[in-house]
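**Q** Here numbering that gives the first Met the number 0 is used: the first residue of the sequence shown is 0, the next is one more, and so on. Have a look at this one before I ask anything.
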Amino acid sequence: MNESSISIFIVQAALALFTFFVAAPCVLNAISTFTVQARLAKTMVEEGVITEADRRLLQPKKQIAGVVISVILVGALVAVAARTAPYGFFSCGIAAIAGVLKYRRILEFNSLTVSRFKNTYQSVMNKSKYDQYVKKMF
């Protein structure tokens with residue numbers, strides 16, 4: 000085995016690990032801000048945990064930040080994969096599929112969604128109503 004084969008292997012392994020552990024969760028989190036996190040925020044407005052004005056102020060900022068970060072991340076990943084083609088697309092594709100399957104819970108309503116909501120709205124939420132909602136649901 001020569002040095003170029005080893006370096007190709009190392010680059011592809013690093014690319015696959017980055018795709019699996021960083022890119023897939025980041026993109027899924029950006030998607031979840033438009034789906035499950037947006038629905039939870041609307042539910043919390045109905046429950047009186049946060050106000051509609053706070054939701055309108057904070058939710059779009061979180062969505063825009065998630066989309067911008069994901070676009071930059073995926074763009075950089077595709078650029079590196081294109082430079083290392085054909086192996087780059089293969090290793091990124093397999094790692095992306097595995098990452099989506101591994102981290103698909105990000106798109107589901109669960110305790111992770113509630114903790115992300117708490118991190119976003121902790122300065123403006125009614126903590127007692129939030130605690131009641133969490134006890135009721137979980």
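Glycine residues also receive a C-beta, built at the ideal position from the N, C-alpha and C atoms.
#1: Report the residue from Ala22, Ser4 and Asn1 whose alpha carbon sits nearest the alpha carbon of Ile96.
#2: Is the beta carbon of Val99 closer than 8 Å to that of Leu27?
#3: State the start and end residues of the unbroken alpha helix (DSSP H) segment that holds Ser69.
#4: Could you compute how far the alpha carbon of Val66 sits from the alpha carbon of Thr112?
#5: Take Thr119 and list the residues in its own chain whose beta-carbon comes closer than 7 Å to its own, dropping the five residues that flank it on each side.
#6: Can you give the Cα-Cα distance for Ala81 and Ile68, rounded to whole angstroms?
#7: Mind checking Met136: buried by the 16 CB within 10 Å criterion, or exposed?
#8: Output needed for Val48: all residues of its chain with C-beta closer than 7 Å, excluding positions within five of it in sequence on either side, in chain order.
#9: Around the Cβ of Phe19, are there at least 16 other Cβ atoms within 10 angstroms (buried) or fewer (exposed)?
**A** Inspection of the coordinates gives the following:
#1: Ala22
#2: yes
#3: Glu51 to Arg82
#4: 18 Å
#5: Leu57 and Lys61
#6: 20 Å
#7: exposed
#8: Met124, Asn125, Lys128, Tyr129 and Tyr132
#9: buried
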